[in-house]
Every structure is written in C-alpha cells, then in structure tokens.
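In the numbering used here, the protein residues as written are 237 to 945.
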C-alpha cells in the first residue's frame, strides 16, 4: 500500500474526554460571555420568544417611563421608589437571560470542542472499490456520497462511511474519548467508520455514506448549537399553561385599578393604587421563576446528554427518554457481560475434578481470550493451582484456529487439547480413545442451559481420553438486578431481547430480574413487540447496532444506535451512543427523567412562592383602600413601599439562586409518579410557600436599616 503524508488532525489529545470533563458551572470563560449575551437578549424580538418574561420586559420599560415622568414632575409615586422597582425588574429580565445564556454557553463550549476535531484532510479516492484500483488524491471536502476511498495505517478517515473491504485498527478517541483502539472490518455490525478518526494499522476501503456538511461531526455540532432553539412538546405545553396563567393574572391586575379608584371615591379616603405597584404585583404573581429558567432547563438537559457521550437528534428525543415506560434491552453486553466466563468443571467418569482443572489451565495459559483467562482464574479459585514454571514445563502452545477448532499445549510425553465437543470427540476417536456417553450428556445439558461446553482431552504415551467439560457461561452483570428494581419502582417495564431459546432466556431473565423476555428474537419479532407495547399507549426505548435492528429502531420512540454499528442503524435511531455501550440506555432514561423532574420541581416551586409574595404585596398596596386587608399582613413589613420593593427583589434574586439547580438538574431518584408528585408538593410546593416569608422579611429589614423604605 502506498503511504501518503497528510496534515495531522488538529484536535486535543483526547477530545471525547475533554468534551465530557466536568467544567465549573461558573467558570469565568463561560460567565463573561453569558453576561454579554444577557444584555444582547434584551432585544424585543428575542424577548417575544418567552411570553412570561416579555411581560416583565414590558413592565420594566413602563416603570422606566414612569420614573422619567416623575423626574419632570408628573409623579404618581416617589421617583426613588419607581427607580428601585424599575431597576429590579430589569435585573429580573437580565437574570433570566443570564440563566439561558449560561446554559447555551456550556453547549457552545461543547460545540467548539467538536469543531476542533474537524480538519480538511487528503483522501485517496479509488476509481473502483478495490485497493489495487488507481488512486486519485483529493480533499475530504470534495468527497460525496458513494465515493470509495482507501485508508491506510496513519491516515485519517476523511468522511463517514462503511468498510467494504479490509480490516483495520482504528483510533476513535476524537469522537468517543476512549483511548483503546477498535477493530473495523467489512460486513457485520462493526463496519461503520466516522470521519476524523485515524487508522492505526493495516488498511480498509471505505464507501462514503454522506455528502459534505452531512457528516456525523457536522450533525453533532448543529445539534449542540441548535439546542437552544428546539422546544419539546412538553415544554411547549408548559409554556402554553404559563401564558394562560399570566393572561389571567394580567386581566385580574388590570381590573384592580378601576376598583381602587371606585373604592377611594366612594369612601372619600385612602389612596388609589399606583401603576408602579400594579406592575410590581403582576410581575411577582406571574410564574417568572419557571418562565425565566424554562429554556435553561431544556438546554442543560441536552448538555447533560452530551456529557454522557450520547448525541440526540433533538430535544424531543431527550424528553421522550424521560417519558419512556418500556425498555427493550439486548441480553449480551447489556444484561450479561458478553464475554463468556468459565463457571464449572464437569469431569468425566474416573477423572478427579482437580485433574480436569489442572489440564484445562495448562491448555489455557497462553490463551489471551476472555474465555481462556477465565479458565485459568477458575482453576486458581477452585483448587489454588498457580505459579507454573514455564521453563520447566517445556511447553509448546497451540493457538486456536478456525481449521482445527481446538487449542492446547504439547508437553514432553503429553498432549492436552480443548475445544468444541465434536472436534475433541473426533480427536479422541482418531487416536483410538473412547468418548464417554456421560461426557456427551454433560455437553448436551450445558448446551440446553444456553451455556457453551468446551471439552478437554489428553493424550499420554499413545493413550487418549476425554477428561471432562468446561461450562462457559454468559455472566449476568453485577448490580443489574438492582438497577431493574429501581426502574420497576418508576413504573418502567424491562424486556430482555435475546436469540437464545426460551428455556435459556427464562433462566437468565429470572436471574437478572427483568419483567419479561423475548426469546429467539428476529427483526420481525422485535418490531411486533414494540408495536404491541405502543398500541397499549406505552413509550418504548431500545438499542441496536446492526442493519437488522434498523426497522425496530425506526419504530421505537427512543432509539439509541451504537456508534460502532452500521450506518443504517444510526440513521434509523434518534440517538447515537459514542461509547457503544448498550447499558447506556438506562442512563439515557435517567437523564431524561431528571430533566422532567427538574422542570416539574421548579414549576411547582415557582407557582408556590407566588402565594407568599401575594401576602407581601396585596396588604401593602391596598391597605389604604381596603383597611380590612391588614388582617392578612402576616409579615408586618415596615412600609408599603418597602414591602413591594422587598417582594420584587426576592422575585429577581430567586432566579439567580436557582440557576445551579436548573443547570445541574434535581437529584435523580428512582420513584414512581405518585411518590414523585407527593415529594415535589412537599419539598418544592411547601418549600416554595414557606421560603419567601423569612427572606422577604430579611430584605425588608435591610431596606429599612439602609433608609430606603
């Protein structure tokens, strides 16, 4: 193969880890741009996107005009009081803008890291899909869908595509953050490659699957930068509710002025409520807290998904993850370790189990596969067989091959072989030995349980015999049963999907603690299972990596494709897991749940603390008109003006104090909907009612001490 010098990929040493590393929420590199953006967002067109905060924005302008009018002698209230109200209303708008800008700034930082991975590299374009085809040197930006390129050791893969020939070790740390190289080869479920990654050894021929601007990195950057513009269905519904509540309070507040004028005129005493007081009342009673933080919560949810190395196509997918109530989980790699582990030694008649373990370990000393290492470990654990002196053994190890289907070791005067039952049986019988029926029965029983049998045989001085069977079992992951129990508490049903027979599937499902299982799963069976659950009104999530998973991924509400999977799977899904970890589906659901929990908690708090502000402002603003209102003046604030100003200051500051919670999210808890509702009402509902009373009183005392009342 012809080597070609290319410009190095310009990126950090480990971009994936740089992107996901925890970054201080109030890092100066994020805060300074966010402050500038908060002022930029004061543009009327930007404010119109948030109807609740637009009311505060209009109120800020109105009180500013009233203050200017007071300066020229047309005062409805003291100019200093109007100025204080106007300034804190502007602060309220700016704090809400800052929360959104800070959330967007974190996403922009992620996008900047992703952009560093993009670099225009040279490509070896082939006239035909064959490595010996004539090569034409071009740039990655000139490649279009369907082009075929050769990528050799040291080359950067110029574009997303599918491997159609060859096999190579690929460094994907620019995308996943994982430093360990992965194998990419033609055919199967590990044929997909991503532009910007580097081939470390050998060569591959890649058919480009995207046009310029449509590459995976391009989509990632567009998704991250566009996160702030994507409103999810739940967010839209909540916005409509907040707008309706704001309109009701707006009309109610507007009617208070004529009522006040009528009451003063009829009683011939008191003062008409001022417009400044009415604006302050409106701002404090409408749900400004959640209105100011709603956008930040949504953007932060997308950002947390990115920190988990998951790319979502939209905020809708993240939100759907929070609403999921059925999870379809592949057995291998998700519920089980995926690598078979030696679990049992079954000796042949007349053979001690220790002798079988000793021979199995000898045959596996040079076997670097997970199965081989597990045999060595099991022999150590069961019989304390260790510390082999390789020099004394004079061993000649035989590696496993597709032709022999056996591996083993040749020692002086002794041969040991282990492998598939049929192969070892043939080995024994060809050397005049007998393959015991008990060994065959053990092989059949292990196979029926869904495990893999490996037979061990030895040949000593021309006498060959089977020593017994090793059971290789796909081990259920530690802690997975507890994770499923947590999901069950939240009302989420777990379904294990496996190609095993029903007996094996039932045994593993019972051990893992899943609610149901789909055995002997075919693409059609997966699709029909998803549709059946959706017909019951459930939202279904699943993972997949192969072309045969694409129909089911396209049907699922949350479809997480593995980055190592085929292009068809990634196009069918609405999320891509860069780590290609099937267990990540559970974490994705938790992130989605956390976003919904955060939104619900802060909505509850926002509406609840309006009640306390009602007790602060209403008596102060209308006590001179309606003296009976002094009965509800439970806080006994210093004066009407300090009461109103204290409530407005609290209304502004509470947004700042809740920014960390909005960006980090409330702590995820595995609770059912009813339990979660009770907890929200207790913590955020009752807390939202009680918290403002002492804080408003404290602010009032400070204002009075400073002589501002």
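No residue lacks a Cβ here, since even glycine has one placed at the ideal position from N, Cα and C.
Assuming residue 848 and residue 925 are in contact, meaning their beta carbons sit under 8 Å apart, how far apart are those beta carbons, in whole angstroms?
Here residue 848 refers to the residue found at position 612 of the chain shown. Here residue 925 refers to the residue found at position 689 of the chain shown. By a beta-carbon distance limit of 8 Å, residue 848 contacts residue 925. Their separation comes to about 6 Å.
Determine the contact status of residue 493 and residue 519, defining contact as a CB-CB distance below 9 Å.
Position 257 of the chain shown, counted from the first residue, corresponds to residue 493. Position 283 of the chain shown, counted from the first residue, corresponds to residue 519. For residue 493 and residue 519, no; Cβs fall outside 9 Å.
What runs of the beta strand (DSSP E), each 3 residues or longer, lie entirely inside the stretch 300-377?
Counting whole runs of 3 or more residues, the stretch 300-377 contains the beta strand (DSSP E) stretches 358-362 and 371-375.
Over what stretch of residues does the alpha helix (DSSP H) that includes residue 940 continue unbroken?
Along the chain shown, read from residue 1 onward, the residue named residue 940 stands at position 704. That run of the alpha helix (DSSP H) goes 928-941.
Three-state class that DSSP yields for residue 865 in the structure shown
Here the question's residue 865 lines up with position 629 in the chain shown. Looking at residue 865 - three-state DSSP - the assignment turns out to be helix.
Report all residues from its chain with a CB closer than 8 Å to the CB of residue 692; omit the five preceding and five following residues, and keep chain order.
Here residue 692 corresponds to residue number 456 of the chain shown, with the count starting at 1. These residues qualify, in order along the chain: 592, 595, 596, 599, 652, 653, 654, 660, 702, 703, 704, 705 and 706.
Under DSSP, the alpha helix (DSSP H) around residue 654 begins and ends at which residues?
Taking the chain shown and counting its residues from 1, one reaches residue 654 at position 418. Residue 654 -> not in any alpha helix (DSSP H); beta strand (DSSP E) instead, spanning 650-655.
Taking all protein chains shown into account, decide if residue 380 is buried (16 or more other Cβ within 10 angstroms of its Cβ) or exposed.
In the chain shown, residue 380 corresponds to position 144, counting from 1. Label assigned to residue 380: exposed.
If you pair each beta-carbon of the stretch 520-529 with each one of the stretch 831-849, do three or more pairs fall below 8 Å?
yes
Can you list, in chain order, the residues of its chain whose CB lies under 6 Å from that of residue 434, leaving out five sequence neighbours each side?
Locating residue 434 in the chain shown gives position 198, counting from the first residue. So the list reads 392 and 407, once near-sequence residues are dropped.
Here's a check: name, in chain order, each residue in its chain whose Cβ is nearer than 7 Å to the Cβ of residue 369, leaving out the five neighbours to either side.
The residue you call residue 369 lines up with position 133 of the chain shown. Cβ within range, chain order: 362 and 363.
Exposure label - residue 283; buried when at least 16 CB within 10 Å
By one-based count along the chain shown, residue 283 stands at place 47. Buried, by the Cβ-count rule.
What's the gap between the Cα of residue 940 and the Cα of residue 820?
Counted from its first residue, the chain shown places residue 940 at position 704. Counted from its first residue, the chain shown places residue 820 at position 584. About 55 Å.
Taking buried to mean at least 16 other C-beta atoms within 10 Å of its own C-beta, is residue 762 buried or exposed?
Looking up residue 762 in the chain shown gives position 526. By the neighbour-count rule (16 or more Cβ atoms within 10 Å), residue 762 is buried.
C-beta atoms of residue 530 and residue 899 nearer than 9 Å:
Numbered from 1 along the chain shown, position 294 holds the residue referred to as residue 530. Numbered from 1 along the chain shown, position 663 holds the residue referred to as residue 899. Contact: no.
Going by DSSP, which residues form a beta bridge with residue 404?
Here residue 404 refers to the residue found at position 168 of the chain shown. Paired residues: 420 and 438.
Just to confirm before moving on: does the CB-CB distance between residue 760 and residue 786 stay below 9 Å?
Along the chain shown, one-based indexing puts residue 760 at 524. Along the chain shown, one-based indexing puts residue 786 at 550. No.
Does the distance from the CB of residue 427 to the CB of residue 420 come in under 9 Å?
Counting from 1 along the chain shown, the entry for residue 427 is found at position 191. Counting from 1 along the chain shown, the entry for residue 420 is found at position 184. In this structure, residue 420 lies closer than 9 Å to residue 427 by Cβ.
Pop quiz: residue 445 and residue 396 are said to be a contact at Cβ under 8 Å. What is the actual Cβ separation, rounded to whole angstroms?
Position 209 of the chain shown, counted from the first residue, corresponds to residue 445. Position 160 of the chain shown, counted from the first residue, corresponds to residue 396. Yes, residue 445 and residue 396 are in contact; Cβ-Cβ is about 5 Å, under 8 Å.
Residues that DSSP places opposite residue 813 in a beta bridge:
Looking up residue 813 in the chain shown gives position 577. Paired residues: 546 and 798.
Taking the CB atoms as reference points, tell me whether residue 800 and residue 816 lie closer together than 9 Å.
Reading the chain shown from its first residue, position 564 is the one you call residue 800. Reading the chain shown from its first residue, position 580 is the one you call residue 816. Yes, the Cβ-Cβ distance between residue 800 and residue 816 is below 9 Å.
Those runs of the beta strand (DSSP E) which lie wholly inside the stretch 552-613 and span at least 3 residues
562-566 and 572-583
Taking the alpha carbon of residue 438 as the point to measure from, which residue in 418, 405 and 448 has its own alpha carbon closest?
Your numbering for residue 438 matches position 202 in the chain shown. Here the closest residue by C-alpha is 405.
Would you mind giving the Cβ-Cβ distance between residue 356 and residue 376, rounded to the nearest angstrom? I have them listed as a contact below 8 Å.
To locate residue 356, count along the chain shown from 1; it is residue 120. To locate residue 376, count along the chain shown from 1; it is residue 140. Confirmed, Cβ separation roughly 6 Å.
Could you check whether the stretch 910-918 touches the stretch 538-548, counting it as contact only if at least three pairs of C-beta atoms, one from each stretch, sit closer than 8 Å?
no
Less than 8 Å between the CB atoms is what I'm expecting for residue 700 and residue 664, so what's the real figure, rounded?
On the chain shown, position 464 is the one that residue 700 refers to. On the chain shown, position 428 is the one that residue 664 refers to. Sure, about 5 Å apart at Cβ, within 8 Å.
Which residues does DSSP pair with residue 730 in a beta bridge?
Here residue 730 refers to the residue found at position 494 of the chain shown. In the DSSP secondary-structure assignment, residue 730 is bridged to 563.
According to DSSP, which residues form a beta bridge with residue 704?
Translated into the one-based positions of the chain shown, residue 704 becomes position 468. DSSP, once it has assigned bridges, lists 583 and 692 as partnering residue 704.
Where the beta strand (DSSP E) containing residue 632 begins and where it ends
In the chain shown, the residue the question calls residue 632 occupies position 396. Going by DSSP, residue 632 is part of the beta strand (DSSP E) stretching over 632-634.
Please state whether the Cβ-Cβ distance between residue 750 and residue 775 is less than 9 Å.
Taking the chain shown and counting its residues from 1, the one referred to as residue 750 is at position 514. Taking the chain shown and counting its residues from 1, the one referred to as residue 775 is at position 539. Contact flag unset, no.
Buried versus exposed, by CB contacts within 10 Å (16 or more), residue 603:
Translated into the one-based positions of the chain shown, residue 603 becomes position 367. Buried is the call here.
From residue 943 to residue 319, what does the alpha carbon distance come to, in whole angstroms?
Here the question's residue 943 lines up with position 707 in the chain shown. Here the question's residue 319 lines up with position 83 in the chain shown. Computed Cα separation, rounded: 15 Å.
Who are the Cβ neighbours of residue 885 in its own chain at under 6 Å, not counting the five residues just before and after it?
For the purposes of this step, residue 885 is taken as residue 649 along the chain shown, with counting starting at 1. So the list reads 324 and 935, once near-sequence residues are dropped.
Can residue 928 and residue 859 be called in contact, C-beta distance under 9 Å?
By one-based count along the chain shown, residue 928 stands at place 692. By one-based count along the chain shown, residue 859 stands at place 623. No; because the gap between Cβ atoms is not below 9 Å, this pair is not in contact.
Taking only three categories from DSSP, how would you classify residue 779?
To locate residue 779, count along the chain shown from 1; it is residue 543. Reduced to three states, the DSSP call for residue 779 is strand.
Report the three-state DSSP secondary structure of residue 642 (helix, strand or coil).
Working through the chain shown from its first residue, we reach residue 642 at position 406. Three-state result, residue 642: strand.
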